[in-house]
Structures are given as C-alpha cells and as structure tokens.
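Report on one structure; see the data block that follows.
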Amino acid sequence: MSEKTININVPVLARVEGEGALDIRIENGRITQLKLRIFEPPRLFEKFLEGRHYNEVPDIVTRICGICPVAYQMSAVYAFEALFNTQITPWIDMMRRVYYCGEWIESHALHIHLLAAPDFFGFESAPAMAKQFPDEVRRGLQLQGLGNEIIKLFGARSVNPIGVKIGGFHKAPEAETVAVLLHKLRAALPDAKALLEWVTTFDFPERSQDFVSVSLQHPFEYPINMRGTAIRSSAGHKIAINEFEAHFKESQVPHSTALHCHLDGEPYLAGPLARLNLNYNLLHDEVKETLGNIDIAFPSSNPYHNIVARAAEVYYGLLEAVRLLEDYRRPASPAVEVTPIAGTAYGCTEAPRGLLWHRYEIDDSGIITAARLVPPTSQNQARIEADLRLSLEALGLDNDEATLRQHAEQVIRNYDPCISCATHFLDLRVSRR
Amino acid sequence: MSTLIVGFGSPFGDDRFGWLVIEQLQQTLAGQQTVKAICCDHSGIDWIHQYQPTEQLIFIDAVKSGAAAGTLHHLTLTPSALETLPTSHSSHGIGLREGVTLAATLVELPAEIEFYGVEIASCEVGTAISAATTHQATAVASHIKKSLRNL
C-alpha cells in the first residue's frame, strides 16, 4: 500500500480577514478525513466589549469586519433597542434598511466579480477574467461603488462607518445629497438586472445536496433587519431571536479557531441562497421576473446557485434602496431618546453572508458585562465541510490534486466565508493510501 | 487635461495620511470640473470606476519602506512598476497593486502615475494621526494645489 502526500505552500499573507487550509485524506477511493482548518488567532472582540458602555458598541463592532460592518452595527442596535423597549420611527427603520442594502450591494458585488466568478470560467484571478469580460467587471465595480456610496451616506465612510447610534443615526443626510445618489441608483437598475442575467448563464455543476436553509423571516418583507422577524428553517423551525441558544449550539473543533455551529445537532446553510430559498416570494417582482426566465428553480438544493442568489440580492437591494429613498424627507431628528434598563439584549440581522446573532448582558449603569456574537462564517463552517465531502466525491476522487484543489476552493468560495482571502491560497494536503 | 487624485488609507493612525490630503484638496477644489479628489477607503479598486481614460492620475498613500518616519516620497511611476509592489495588506488582499493590475485590463491608464507617499511608523487601531504626518499631509496638499495651477 502506498501513501502519497502533496503539500502546496501558502504564500505569506498578513492582515487579511482570515487564514484557512484544507486537509483531506483519501483511503481506498473514499474520503476518510476532511478538515477545513481556520487558524486565524481568536480576535476576542466579545471580551473587548465587556466593561464598555452600550453606547460605545456600534463604534466598536463596526471594526470587526471591513466588508460587513453595517451588519455588526445593526444586530447590536436592534438588540439594545429591543431590551430598552425603544420605539424607533419608521424613518429610522427605513433608512437602516437602505444602509444595509448598501452593504449587501458592495459585499455581493465584490464577491461575485473579484472572488467567485473567475472560478466558473477557469480564470485564476479577476484581472485575468477582466480581459475577457471587461464590461461585466467594470459594471460590477460600479455597482460595488454605489453600495459604498449608500454606506457613506449614513455612516460617513464605507469602511468601519460611524454614523449609527442606539436609537437611530447621529445625523440625517441632506435631501439634496440623497437626490443626487437616488439618481445614480435609478440609473444603475439596468446594470443590476444585467448582472443577474449574466450570472444565470454560468455553467453550474449539477449538484443536489440535502441541507437545511436558515434565515430570518418577516411576514411581508425580504429579511434584512430584525424588526418583526423570527428565525425560520426549511425543516420547519420557527425560533424567536432570544431562543437562538436553545437550538443553535457552537462547539470547538481541534482544527479550527472558529467555532462550528449546528442547528439541533446538524449542519445548516445561512446566507443568500438560504434567504432566497425561504423568502423567494418576498423579492420584488422585477427580480422574480428575471429569475423566472432562467432554468433554475428555487428553492434550490445546488450550493453553486449561491452566486445567483447573491446577484438577485444586488438587484433587490438596489430596487429596495430606490423605493425607500423615493420620497425622502429629512426628519426633525435622526434618532429617538433611549432609556436603558439592565438585562439581556438579543439581536439578529441578515449580514451579506447570513445570520448574525448577538447577545449582550448589561447592568444598571449600562455597562456590558458579557457579550456573545455568532457570525455567519461560524454557522456555515460545518455545512462547508459537508459540501466539500459531497462535491469532491461527485467530482471523482481519482482526479489529480490540482483539480481537487481548484474544485475545493470553488466550493469554499461559494459560501463567501470571511476567510475568502485565505482560501484563495488554500493549502491542500491530500494523503492517499 | 482632467485629473483624478486618489488618497488611499484607513481610519487608523498615520495610515490616514492619504485621506487627510484629499480632505484638504476637496475644500480647495470644490466646484472644479477638471479635478476629482477621492478617498479610497475600502480596497484598492474603489477608484477604478471613477477613472476616465486620458485623465492624469495621482495616488497618495502611507508608505513603509524602511526610511525615517515622516520622509516624503514623490515619484513618477509607470503602471507596470506599481504592479510589482508586494502583495497587499488590504481587505480581501485587494490593495493598490491588485487595483492597478485590474485597472490596466479595463481601461487605458496614463503612461505615468504620480505618487506621493509619507513614511509612517505605525497605524495601530485606536491611534490618531501624528502631528508629523499631519504636517506632511498639508505640505503635499499644498504642493498638489500649486502644481495643478501650473498645468
């Protein structure tokens, strides 16, 4: 019996949003071990929050992610406002939705064009793909730029924005500024539609996997913010935000510094495809019409359709931002008064990559005594490993290491984990017996 | 000839240099049709969709090259020279080098790109921009304003 081990070295990569690797052992033509290793050191943000005043939280959690800071802010503010029984105005709720749409647009456009799409054409990078698809990449960059402009409108800047407070915003945008941006957003609607049409022409591997989709659900809105929502699953769960911990369990695995999260003991999918699978009917008609013209049915059990869901949410986000800004009026105040009370605050919103759940304990002085944040990448990690096993076996384990590695990288990138940067440089170790 | 001036950076310490130069230029250049000054605050690609072929291109960024902190760098570089910069430390690994590489496939870049940099000591989270870097930002903004007037 022979054993063949191949190591592919990771280039030096510092200060990226994550570092990952994959170890696979193949014995007698079967995968006997598969580990998605995340070895980025723990960042300890939950501990940093202890001892801080609740008012500081939006400006602290915005630093957790350079791509989805809005999600961290929104899960936090809705958590505290729910505990404090704060009644925000319709204007605040609507503008938060616009703000969040900006993040979906920039994050999804970045992922589609620079990280995921090159895989579907066999390109090694976005610049390589841009030589063949310059108009598509240019259009993607313009959409990403618009998403950033929306975030800047409310957050002063698109990286680690700072415009949010418990109770609303620090400042309401001027009507003239909104009008200029609204004009740009309307003009970009055909681009967002064309993006969705383009993505649906990709050559998707035929995969059908049995997985549970999980997302927030709202009676009449595609889920983004927390107000009026519960956590739903395709297996029939309906879970209140404050009951999350009774059903979702995080556990440590030896090969990862990120926790694995399971729903009633099983892996599950969070993110764009899960949202679309559970909330298709709540998309705007324009998005459903475009999706109705293609040969993909939703709910979909093919994880490769995540990129279609992402493009659909770019189009949805743009339409939604236009709808909510059409009759923009600058309010007398961009925030409401907040009266803190001690207790446990629970918040959950839909980050670009999926559910982002927060819990905070605060005392009578408004000081955080404990915090717990469950990000989407932790929730999807077990599902990614399950998908890798199924996809690689479907591809054929007798393929050479380069083919297996490329396929594994594409599978991982489909989930847009926050270790995307590192999975571009996946260190795949295949051990065959 | 119109000009696009791009300040790269982040909110952290002296890495804010590029943004500070741009903020000073924006105050002076408000209303000018031929000059755009923008902060690039997310990754190295955010300027590409705002660049129009035939525009002059000026980049401003904090630098760590081993020189003494506060040292000003004023270089004229070809796009291909920028493509040889080390791998990026920016979000998703998409920094100045990757941005220029991508832009070069999408648009016709000028033969030369003007680059202003200041050598910085650190850019830690939670720190403010230093007085020395602030001083250099003002100097660079002033120099750019003067050179634009001479065009």
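Those sequence lines, one after another, are chains F and S. Every letter in the first sequence is one number past the one before it in numbering that gives the first Met the number 0, and letter 62, counting from 1, is 61. Every letter in the second sequence is one number past the one before it in numbering that gives the first Met the number 0, and letter 51, counting from 1, is 50. C-beta: ideal position from N, C-alpha, C; glycine also. Quick caveat, the model's predicted, so the values are computed rather than measured.
Residue i versus residue j: straight-line alpha-carbon distance, rounded
{"i": "F/Ile361", "j": "F/Tyr53", "result": "8 angstroms"}
{"i": "F/Val9", "j": "F/Ala239", "result": "Caution applies to F/Val9, whose pLDDT of 25 falls short of 50 and renders its modelled position unreliable; the model cannot decide the point."}
{"i": "F/Glu265", "j": "F/Ser214", "result": "15 angstroms"}
{"i": "F/Val163", "j": "S/Pro52", "result": "37 angstroms"}
{"i": "F/Asp190", "j": "F/Ala407", "result": "31 angstroms"}
{"i": "F/Asp118", "j": "F/Arg138", "result": "18 angstroms"}
{"i": "F/Ala115", "j": "F/Leu387", "result": "16 angstroms"}
{"i": "S/Ile143", "j": "S/Tyr115", "result": "9 angstroms"}
{"i": "F/Arg226", "j": "S/Ile47", "result": "37 angstroms"}
{"i": "F/Phe203", "j": "F/Arg96", "result": "32 angstroms"}
{"i": "F/Leu195", "j": "F/Ser106", "result": "15 angstroms"}
{"i": "F/Leu181", "j": "F/Leu188", "result": "11 angstroms"}
{"i": "S/Gly65", "j": "F/His112", "result": "35 angstroms"}
{"i": "F/Gln405", "j": "F/Ile150", "result": "34 angstroms"}
{"i": "F/Asp378", "j": "F/Glu135", "result": "As written in the sequence, residue 378 of chain F is Gln, which differs from the Asp given in the question. Rounded to whole angstroms, F/Gln378 to F/Glu135 spans 32 angstroms at the Cα level."}
{"i": "F/Phe153", "j": "S/Val20", "result": "23 angstroms"}
{"i": "F/Ala245", "j": "F/Gln141", "result": "43 angstroms"}
Own chain, CB closer than 6 angstroms to residue i, minus 5 neighbours either side, in chain order
{"i": "S/Leu56", "result": "Leu3, Pro109 and Ile112"}
{"i": "F/Pro339", "result": "Phe83 and Gly365"}
{"i": "F/Gly316", "result": "Cys100, Trp103 and Ile104"}
{"i": "S/Arg70", "result": "For clarity, residue 70 of chain S is Thr in the given sequence; the question names Arg instead. Cβ neighbours of S/Thr70 beyond the five flanking positions: Glu118."}
{"i": "F/Arg358", "result": "Tyr345 and Arg371"}
{"i": "F/Arg274", "result": "Ser214"}
{"i": "F/Phe243", "result": "Trp356"}
Paired residues, beta bridge with residue i - DSSP
{"i": "F/Lys237", "result": "F/Arg231"}
{"i": "F/Thr343", "result": "F/Glu360"}
{"i": "F/Ala369", "result": "F/Glu360"}
{"i": "F/Gly353", "result": "F/Ala350"}
{"i": "F/Ser299", "result": "Looking at the DSSP assignment, F/Ser299 forms no beta bridge with any residue, so it has no partner."}
{"i": "S/Glu118", "result": "S/Val62"}
{"i": "F/Ser212", "result": "F/Leu268"}
{"i": "F/Ile87", "result": "Answer is none; F/Ile87 lacks a bridge partner."}
{"i": "F/Leu262", "result": "F/Phe247 and F/Glu265"}
{"i": "F/Thr338", "result": "Per DSSP, none; premise fails for F/Thr338."}
{"i": "S/Cys39", "result": "S/Phe7"}
{"i": "F/Pro408", "result": "Strictly speaking, residue 408 of chain F in this sequence is Glu, with Pro absent from that position. Beta-bridge pairing links F/Glu408 to no other residue."}
Beta-carbon separation (whole angstroms), residue i vs residue j, contact threshold 8 angstroms
{"i": "F/Asp363", "j": "F/Ala341", "result": "5 angstroms"}
{"i": "F/Asp284", "j": "F/Arg352", "result": "About 26 angstroms; that fails the 8 angstroms criterion."}
{"i": "F/Ile63", "j": "F/Phe79", "result": "About 17 angstroms; that fails the 8 angstroms criterion."}
{"i": "F/Lys183", "j": "F/Leu145", "result": "6 angstroms"}
{"i": "F/Ala310", "j": "F/Val198", "result": "4 angstroms"}
{"i": "F/Val286", "j": "F/Tyr314", "result": "5 angstroms"}
{"i": "F/Pro222", "j": "F/Asn278", "result": "6 angstroms"}
{"i": "S/Glu118", "j": "S/Lys63", "result": "7 angstroms"}
{"i": "S/Tyr50", "j": "S/Ala102", "result": "7 angstroms"}
{"i": "S/Thr33", "j": "S/Ser1", "result": "4 angstroms"}
{"i": "F/Gln86", "j": "F/Val335", "result": "7 angstroms"}
Residue burial classification, residue i (beta-carbon count within 10 angstroms, cutoff 16)
{"i": "F/Phe132", "result": "buried"}
{"i": "F/Asn224", "result": "buried"}
{"i": "S/His72", "result": "exposed"}
{"i": "F/Glu384", "result": "buried"}
{"i": "F/Thr176", "result": "exposed"}
{"i": "F/Gly19", "result": "buried"}
{"i": "F/Asn413", "result": "buried"}
{"i": "S/His134", "result": "exposed"}
{"i": "F/Glu123", "result": "exposed"}
{"i": "F/Ile293", "result": "exposed"}
Cβ neighbours of residue i in the same chain (closer than 7 angstroms, five flanking residues each side left out)
{"i": "F/Val11", "result": "Since pLDDT at F/Val11 reaches only 25, below the 50 mark, its modelled position is unreliable, and the value read off the structure follows with that caveat. The answer is none, since no qualifying residue turns up."}
{"i": "F/Pro68", "result": "Thr61, Asn159 and Pro160"}
{"i": "F/Trp90", "result": "Pro330"}
Same chain, Cβ closer than 8 angstroms to residue i, five either side skipped, listed in chain order
{"i": "S/Gly43", "result": "Phe7, Ser87, Ser89, Ile93, Gly94, Leu95, Arg96, Glu97, Gly98 and Val99"}
{"i": "S/Thr77", "result": "Ala110, Glu111 and Ile112"}
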